[in-house]
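Those sequence lines, one after another, are chains Z and D. Counted from 1, the first sequence has number 1268 at position 446 by this note's numbering; the numbering is strictly sequential. Counted from 1, the second sequence has number 998 at position 176 by this note's numbering; the numbering is strictly sequential. This report refers to the structure that appears directly beneath it.
2 protein chains.
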Amino acid sequence: MSDELMQLRGEVRKVTEEILRMIAKRRELILKIADIKKRLNLNVVDRSTERFLLSESLKLSEELGLDKDLTKRLVSLLILDSVKIQEQEIGKTQEIGLREIFYTALELQRSGKKIIRLEVGEPDFTAPQEVIDEACRSLREGRAKYLSPYGLYELREAVAQKMNDLFKLDLKPENVLITCGGIMAIRIAIEVLSNLGDEILVPEPAWPLYKQIAEQLSRRYIGLRTEMVNDWTLKNEEIRKSVTATSRVLIINYPNNPTGRALDLSELKRLVEEARDLGLTIISDEVYSGYYYHGERAPSIAQVLDEGYVLVNSFSKMWGMTGYRIGYIIGSKEFIEKAATLLSLMITCVPEFIQRAALKAIEDDEYVKKNVIETKKRIDYMLEKLSKCDLVEVRKPDGTFYLFPKIKIPNFNSSEFALKLLKEHNVAVAPGSGFGNYPQHIRLSAVKPIREIDEGIEKLLQAINQLSS
Amino acid sequence: MSDELMQLRGEVRKVTEEILRMIAKRRELILKIADIKKRLNLNVVDRSTERFLLSESLKLSEELGLDKDLTKRLVSLLILDSVKIQEQEIGKTQEIGLREIFYTALELQRSGKKIIRLEVGEPDFTAPQEVIDEACRSLREGRAKYLSPYGLYELREAVAQKMNDLFKLDLKPENVLITCGGIMAIRIAIEVLSNLGDEILVPEPAWPLYKQIAEQLSRRYIGLRTEMVNDWTLKNEEIRKSVTATSRVLIINYPNNPTGRALDLSELKRLVEEARDLGLTIISDEVYSGYYYHGERAPSIAQVLDEGYVLVNSFSKMWGMTGYRIGYIIGSKEFIEKAATLLSLMITCVPEFIQRAALKAIEDDEYVKKNVIETKKRIDYMLEKLSKCDLVEVRKPDGTFYLFPKIKIPNFNSSEFALKLLKEHNVAVAPGSGFGNYPQHIRLSAVKPIREIDEGIEKLLQAINQLSS
């Protein structure tokens, strides 16, 4: 072997060691910073410092002829390490979330207790009969073999056609990928649109799975604050002050879980423009689009942009098909190709008999309408009951089947309250702290029969009154 | 804000910049190395150099009090970047794999051509009738709601019981996770058992999806060479010389796709011991365990180890349920808990009606036996036909439904051959280069009726003879 090669390898080793020494030095500095933050009671995360460090690093990296992606990954690795070190030094509290309440409720039910489940986001109706029939027919015809990861062409066609009809668009089957439900769709969209260490921005309060999925994919989750006093509106300055060079994706979810807030078309346009100006790609999670109380369907990102967006939807909530695990992604042809490869590395393909069932579902608008009308009744009933209590402030939702009331008791802790309510009053609600820093709020699902809602809210109000007295 | 904090942040920035400068310096050195390797016609990847760099870095990192995982991630990031730079400089060729042949065959079929598909790894029988009936009954009973990500307790129980009966074990339902097929199981296992940048070792020839999944998960795939002249035996020294400080997982797949090689219990024990001595955790992919021609079931890793292994299996191949997408993972209770969380972030849960169908399947051993006997006949028929050609050398498989013959023509290129065979003779086979560096081999699947096999092999041998003359 060449002496020169040997020598060069020795030099590589030395430089690598030098890098490690620098990282150790950096660590010492971070520990000192943690100490000061602890003394001054400052937040661990300081976005403006991060933004500055990243932009300076990228400038230098360009001067040095370094690969931009490598620099981003490296610097975000160092930043995340700094955050971890500081959190370890300062200490971080874990809140009880939806998952804990969900499992505790299940356990109590199994032990024989009657629990009123107002925490679950699952409709109480099942798929329409013709969908069940079609799934069975397809199974009997042996439609259960390996299939293209893109999904059944007929179903992709039907999804595109449906969107075109609803919103006067020109989507093609090639813009559609069939997935196993919304979670897989969100996951795939994040993976295709961002790299390791990139930032995923999400207006809060937000469905907790966005954070869990992003972090499991080694992306960094950044929550953007919205407030009930501002009608849960995401302000442009909130996005702007949160964006850094590694911010890649903005996930929006309107009608929103948990607030029920929807955007009208002009609001949606303004938000989309702002995000694009900042270089973000938008994933629009529209799984509640049918649960919209100002029209047939909530405004869609597909009406605002021709391309460069990713839309996620699912058959779960609208057709009561939660356990079928079927949904879809709409995006550019190039995006869909990458997404299909990812899907093939996750599950090969979506079962054909389930896709054929979904093809029946999509034709049945009446079923959705009927269920949405029933849901609206339940929400109105819940709203009316809650309005009788001065300690509860609630916003009338534009869509979804959720309410996200604020409990006006000083230092109200939604996690403690939800656990106590479940154990002492047999009513399960989702604590607001599971959706971001909203300890004053709880989420209620109106997907139960009126008499259950009646009893559940009665007990909830009792517990709130007890707490305040 | 404290002046001290400002000052410390400035220092952090300086150190970060210093790190970037070092990386740029490292890059210069790597480019020089690429140049030498090009001149001397050396491999880009040199495992002993990597091993040395990693172990030296870890030693230093310990001295410096750095986090071990951070060091590993960082150094493997640098190593992978070096490999990338060198590959860009030297150039790398892309081989045609199974996927390309598969899609070309599909396209030709759609255009009306009759193609004999010997490349697909999918049985030509469907699920047994009682499985289809059970799926339909469950659908009609509305068993299509959100479920625990662990899977149906009854099915987990049945899987554990089946293993206990077959191999005299003491597995509990808590050791079992139900997944959407083998790919999801492999993927989850890799994610739970390793970190970003860690190495996944796989004896080759190997199912190409291991590599694709590992790389998509930002793990590094390392193929371990085996040869037909050694009866496809994985030698201990081959593992030992490939292991570095970031090697975490060994995936084994016996009976093997594509070679048909199975291990007897003592061979399996020796392999497992060697891997454990080297600090590797084993994922044993046993999806062909029922296709075993020296007994009812191929030896299982569960017979060798009490814990610390992960076993993957599926209902696809044995019960003809490829399109149902259902399989399972067996592992320690702690592993299964982490795996279930991952599954919930991928698909929420496996549809209940599909799990109930699988519960029927697992009771039906006779169906598996009947199909395995039929498959064996087809394999024997294929073997006999191939034996008539001197240019083909083939090993009698211990299991699976594959043959992986070597074509004894100098400079035989399996990718080119497979494409030509498909286009000119309407027969699809899988090129050996899709399974590792095996350009002399092709993979044949014996999951077609005898008359199709007859015609397909006839045409294959014609093409081989044409090529040699």
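For glycine and all other residues, C-beta sits at the position ideal for the given N, C-alpha and C. This structure is a prediction, so every number in the text was calculated from the model and none was measured.
Between Z/S824, Z/V1024, Z/E1174, Z/L892, which lies nearest to Z/R962 when the distance is taken from Cα to Cα? Within the first sequence, numbered from 1, the residue matching residue 962 of chain Z stands at position 140. When each option's Cα is compared against that of Z/R962, the closest is Z/E1174.
Quick one, are the C-beta atoms of Z/D1107 and Z/V1134 less than 7 Å apart? Position 285 of the first sequence holds residue 1107 of chain Z. Position 312 of the first sequence holds residue 1134 of chain Z. Yes, the Cβ-Cβ distance between Z/D1107 and Z/V1134 is below 7 Å.
Neighbouring residues, chain D, relative to Z/E839 (Cβ below 8 Å): On the first sequence, position 17 is the one that residue 839 of chain Z refers to. By Cβ distance, chain D contributes E878, S879, L882.
Excluding the five sequence neighbours on either side, which residues of its own chain have a C-beta within less than 6 Å of the C-beta of D/E909, listed in chain order? As a position in the second sequence, residue 909 of chain D is number 87, starting the count at 1. Taken in chain order, the residues that qualify are V866.
Contact under 7 Å by Cβ, Z/S883 with D/L842: Translated into the one-based positions of the first sequence, residue 883 of chain Z becomes position 61. Translated into the one-based positions of the second sequence, residue 842 of chain D becomes position 20. Result yes, Cβ atoms of Z/S883 and D/L842 sit closer than 7 Å.
Would you check if the stretch 1147 to 1167 of chain D and the stretch 1114 to 1129 of chain Z touch, i.e. whether three or more CB-CB distances between them fall below 8 Å? no
Contact with chain Z by D/Q1177, beta-carbon distance below 7 Å: The residue given as residue 1177 of chain D occupies position 355 in the second sequence. No, no contact with chain Z.
Can you list, in chain order, the residues of its chain with a C-beta nearer than 7 Å to that of D/G1221? Leave out the 5 residues immediately preceding and following it. Counting from 1 along the second sequence, the entry for residue 1221 of chain D is found at position 399. Hits under 7 Å: P1077, G1082, A1084, Y1110, Y1113, Y1114, Y1115, A1120.
Residues bridged to D/P1253 by DSSP? The residue labelled residue 1253 of chain D in the question sits at position 431 within the second sequence. For D/P1253, which the question treats as bridged, DSSP gives the partners D/I1264.
Taking Cβ positions only, does D/P1271 come closer than 7 Å to chain Z? Residue 1271 of chain D sits at position 449 when you count from the first residue of the second sequence. So, not an interface residue.
Which residues share a DSSP beta bridge with D/D1107? Working through the second sequence from its first residue, we reach residue 1107 of chain D at position 285. Under DSSP, D/D1107 forms a beta bridge with D/V1134.
Can you pull the DSSP bridge partners for D/V1214? In the second sequence, the residue the question calls residue 1214 of chain D occupies position 392. DSSP, once it has assigned bridges, lists D/I1229 as partnering D/V1214.
Under 8 Å between beta-carbons, which chain D residues line up against Z/K847? List them in chain order, please. As a first step, residue 847 of chain Z must be located in the first sequence, where it is residue number 25. Neighbours of Z/K847 on chain D, chain order: V837.
Best match in D/P1227, D/I1010, D/A856 for proximity to D/L1165 [C-alpha to C-alpha]: Locating residue 1165 of chain D in the second sequence gives position 343, where the first residue counts as 1. For D/L1165, the nearest C-alpha among the options comes from D/I1010.
If I measure Cβ to Cβ from D/K1091 and keep anything under 8 Å in the same chain, skipping five residues before and after, which residues do I get? In the second sequence, residue 1091 of chain D corresponds to position 269, counting from 1. Only V1126 meet the Cβ criterion.
Going along the stretch 955 to 967 of chain Z in order, which residues come within less than 8 Å of chain D, judged by CB to CB distance? A957, C958, L961, R962, G964, R965, A966, K967
Considering Z/R1042, what are the terminal residues of the beta strand (DSSP E) in which it resides? Against the first sequence, residue 1042 of chain Z aligns to sequence position 220. Taken as a continuous stretch (DSSP letters only), the beta strand (DSSP E) holding Z/R1042 covers 1042 to 1047.
Three-state secondary structure assigned by DSSP to D/V1172: In the second sequence, residue 1172 of chain D corresponds to position 350, counting from 1. In the structure shown, D/V1172 sits in coil (DSSP, three-state: anything other than H, G, I, E or B).
As an exercise, report each continuous alpha helix (DSSP H) stretch of at least 4 residues that is fully enclosed by the stretch 997 to 1024 of chain Z, in chain order. 1003 to 1015
Partner residues on chain Z for D/M1006, Cβ-Cβ distance less than 7 Å: Looking up residue 1006 of chain D in the second sequence gives position 184. D/M1006 reaches chain Z at M1168, I1169, counting residues in chain order whose Cβ is nearer than 7 Å.
List the residues of chain Z whose Cβ lies closer than 8 Å to the Cβ of D/Y1146, in chain order. For this step, residue 1146 of chain D is matched to residue 324 along the second sequence. Listed along chain Z are A966, P1173, each with a C-beta nearer than 8 Å to that of D/Y1146.
Using the C-alpha atoms, what's the distance from D/I1158 back to D/K890? Indexing the second sequence from 1 puts residue 890 of chain D at position 68. Indexing the second sequence from 1 puts residue 1158 of chain D at position 336. So the alpha carbons of these two residues sit roughly 25 Å apart.
For D/G1019, count neighbouring C-beta atoms within 10 Å of its own C-beta (all shown protein chains included) and say buried if the count is 16 or more, exposed if not. By 1-based counting over the second sequence, the position of residue 1019 of chain D is 197. In summary, D/G1019 is buried, with 16 or more beta-carbon neighbours lying within 10 Å of its beta-carbon over all protein chains present.
Do Z/S1236 and Z/P1219 have their C-beta atoms within less than 7 Å of each other? For the purposes of this step, residue 1236 of chain Z is taken as residue 414 along the first sequence, with counting starting at 1. For the purposes of this step, residue 1219 of chain Z is taken as residue 397 along the first sequence, with counting starting at 1. Cβ distance not < 7 Å, so Z/S1236 and Z/P1219 don't count as in contact.
Any C-beta of chain D within less than 8 Å: which residues of the stretch 1124 to 1150 of chain Z qualify? M1143, T1144, G1145, Y1146, R1147
Proximal residues of chain D, C-beta to C-beta of Z/E833 below 7 Å: Residue 833 of chain Z sits at position 11 when you count from the first residue of the first sequence. By Cβ distance, chain D contributes L851.
The beta strand (DSSP E) enclosing Z/R1070, as first and last residue numbers: Position 248 of the first sequence, counted from the first residue, corresponds to residue 1070 of chain Z. From DSSP, the beta strand (DSSP E) with Z/R1070 extends over 1069 to 1074.
Complete alpha helix (DSSP H) runs within the stretch 924 to 999 of chain D (minimum length 4 residues, chain order): 951 to 962, 975 to 989
Cβ-based burial, D/G887 [other Cβ within 10 Å; buried from 16]: Looking up residue 887 of chain D in the second sequence gives position 65. Exposed is the call here.
For a cutoff of 7 Å on Cβ pairs, would you count Z/L1208 as touching chain D? Reading the first sequence from its first residue, position 386 is the one you call residue 1208 of chain Z. It does not: the Cβ of Z/L1208 has no partner Cβ on chain D nearer than 7 Å.
I need the straight-line Cα distance from D/R965 to Z/M1143, nearest angstrom please. In the second sequence, counting from the first residue as 1, residue 965 of chain D sits at position 143. In the first sequence, counting from the first residue as 1, residue 1143 of chain Z sits at position 321. D/R965 and Z/M1143: Cα-Cα distance of roughly 10 Å.
Cα separation between D/T1068 and Z/K1063? Taking the second sequence and counting its residues from 1, the one referred to as residue 1068 of chain D is at position 246. Taking the first sequence and counting its residues from 1, the one referred to as residue 1063 of chain Z is at position 241. Pairing D/T1068 with Z/K1063, the inter-Cα distance amounts to about 39 Å.
What are the start and end residues of each continuous alpha helix (DSSP H) run of 4 or more residues lying completely inside the stretch 824 to 858 of chain Z, in chain order? Runs of the alpha helix (DSSP H) inside the stretch 824 to 858 of chain Z: none found.
Under a three-way DSSP split, which group does D/I1148 fall into? The count along the second sequence starts at 1 and reaches residue 1148 of chain D at position 326. DSSP places D/I1148 in coil when its eight states are reduced to three.
By the DSSP assignment, the alpha helix (DSSP H) with D/Y1189 in it spans what residues? For the purposes of this step, residue 1189 of chain D is taken as residue 367 along the second sequence, with counting starting at 1. Segment 1187 to 1209, the alpha helix (DSSP H) holding D/Y1189.
Could you name each continuous beta strand (DSSP E) segment of 3 residues or more that falls completely within the stretch 854 to 901 of chain D, going from the start of the chain to the end? Not a single unbroken stretch of the beta strand (DSSP E) spanning 3 or more residues falls wholly within the stretch 854 to 901 of chain D.
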